[in-house]
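Peer 1: Residue numbers (our numbering): 55 to 338.
Heads up, the beta-carbon is just placed ideally off N, CA and C, and yes, glycines get one too.
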Amino acid sequence: MKKYFSLVTFSHTIFAMPFAFIGFFLAVSTTASTFQWQKLVLMVLCMVFARNSAMAFNRYLDRDIDAKNPRTKVRDIPAGRISPAAALTFTIANCALFLLATWFINPLCFYLAPVALLVVLGYSATKRFTALCHMVLGLGLSLAPIGAYLVVTGHFDLLPIFFSLSVLCWVSGFDIIYALQDEDFDRGEKLHSIPAWLGKVNALRLSSFLHVLSAAFIIMPAFFTHVGFPYYLGIGVFCSMLVYQHSLVKPNDLTRVNFAFMTTNGIASVVFAVLFLIDRLWIR
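This is the structure we're talking about:
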C-alpha cells in the first residue's frame with residue numbers, strides 16, 4: 055500500500071480534493087438539494103479513483119522518460135519498486151472503480167465519466183506534442199469542483215464554473231513553475247513544456263498571468279451569491295499564497311521550487327476550502 059501511495063503521489067491530493075468539497079457544499083448551500091452522506095462518500099471515492107488512475111498511468115507512460123531524468127529516476131517504476139504491468143493494472147482497476155462509483159451517483163455523472171477519464175489520462179501524453187500540457191493538467195484538476203457540484207445536483211450551473219476556471223489557471227500556473235526544473239532535459243529529449251518553449255523568464259511571466267486570472271475567478275462568485283467575511287478572508291489567503299510562491303522562484307534560482315509547488319499551494323487550497331466551508335455556516 056505504501057508503494058502505491060508513493061506511485062500516485064497521494065500527498066498531491068491536497069490540490070484538487072479541497073475544491074471538490076467546495077463544489078459539493080456549494081451545491082448543498084445554494085440549491086434546493088439536501089446533504090446526503092452517501093453522495094459525499096461517493097464523491098470522495100470518485101476523486102480518489104480518478105486521481106489514482108491518472109497518476110499511475112502518468113508514471114506508466116513516462117517510465118522511460120523518468121528513467122533518463124536525474125530528477126525522476128528515483129520514482130517507483132524506474133527504481134524497480136513497482137513493475138510497469140502492476141502500474142497499468144492499478145490504473146485499469148481504478149478506472150473501473152471510478153466508473154462504478156459514478157453509476158451509483160446519477161445518470162449525468164455516469165455518462166460524463168468517460169470524458170473525465172479521457173482528460174485526466176490523456177494529460178500524460180500531451181508533453182509529447184504540445185507545450186500546452188500544463189493547461190491540460192489544469193483542466194483535469196478543474197473538473198473537481200464542477201464534478202462534485204454535479205454529484206449533488208445532477209445539472210450544470212454558473213457558480214461552480216468560476217471555481218473550475220480558477221483551478222484551471224491556478225494549477226496550470228504552478229505546473230509551469232514546477233516544470234522549470236526540467237527545461238534543459240525537455241529540450242534535450244524533444245519534450246514540450248512552456249519553459250522549454252519560452253524560456254524561464256517568459257514562462258514565469260505566463261505563470262504570473264495565469265495566477266492573476268485564477269485570483270479573478272476566485273473573486274467572481276462573490277458577485278453571484280451571498281458570501282460573508284470568511285470567504286473574503288479565504289480570498290486573501292489564496293491570493294497571498296499565489297504572490298508568495300512567485301517571490302520564491304527566480305529564473306536564476308530554482309532552489310525553492312519544491313517548497314513553492316507543494317507547501318504554498320497546499321496551504322492555498324486547504325485554507326481556502328476550510329474558510330469557504332466556515333463561510334457556508336457563517337451566512338446561514
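Residue 326 and residue 72 - do their beta-carbons sit closer together than 9 Å?
Peer 2: yes
Peer 1: Suppose only complete runs of 3+ residues qualify. What are the beta strand (DSSP E) ranges in the stretch 179-204, listed by chain order?
Peer 2: none
Peer 1: Tell me which same chain residues have a C-beta within less than 8 Å of the C-beta of residue 303, skipping the five on either side of it?
Peer 2: Within the same chain, Cβ atoms closer than 8 Å to the Cβ of residue 303 are found at 231, 234, 258, 310, 311 and 314, the five residues on either side in sequence being excluded.
Peer 1: Examine the Cβ distances between the stretch 99-110 and the stretch 166-174 and report whether three or more of them are shorter than 8 Å.
Peer 2: yes
Peer 1: Suppose you measure from the CA of residue 88 to the CA of residue 260; what does that come to, to the nearest Å?
Peer 2: 41 Å
Peer 1: Starting from the N-terminal side, write out each stretch of the beta strand (DSSP E) that is 3 residues or longer and does not extend beyond the stretch 257-315.
Peer 2: For the stretch 257-315, not a single whole beta strand (DSSP E) run of length 3 or above is found.
Peer 1: For a test of the three-state rule: what should DSSP assign to residue 125, helix, strand or coil?
Peer 2: coil
Peer 1: If distances are taken between C-alpha atoms only, which option among 205, 215, 133 and 74 comes closest to residue 90?
Peer 2: 205
Peer 1: Starting from residue 133, trace the alpha helix (DSSP H) both ways and give me its first and last residue.
Peer 2: Careful: residue 133 lies outside any alpha helix (DSSP H) and carries neither H nor E.
Peer 1: Do residue 75 and residue 202 have their CB atoms nearer than 9 Å?
Peer 2: Taking the C-beta atoms as reference points, residue 202 is found nearer than 9 Å to residue 75.
Peer 1: Only counting the same chain, and skipping five residues up and downstream in sequence, which positions put a Cβ closer than 8 Å to that of residue 127?
Peer 2: 120, 121 and 133
Peer 1: Report, in whole angstroms, the separation of the C-beta atoms of residue 189 and residue 220, which I expect to be a contact under 8 Å.
Peer 2: Not really, about 14 Å apart at Cβ, beyond 8 Å.
Peer 1: Looking at residue 177: is its Cβ nearer than 9 Å to the Cβ of residue 166?
Peer 2: no
Peer 1: What do you get for residue 210, buried or exposed, if any count of 16 or more other CB atoms within 10 angstroms of its CB means buried?
Peer 2: exposed
Peer 1: State buried or exposed for residue 240, treating a residue as buried only when at least 16 other CB atoms are found within 10 Å of its CB.
Peer 2: buried
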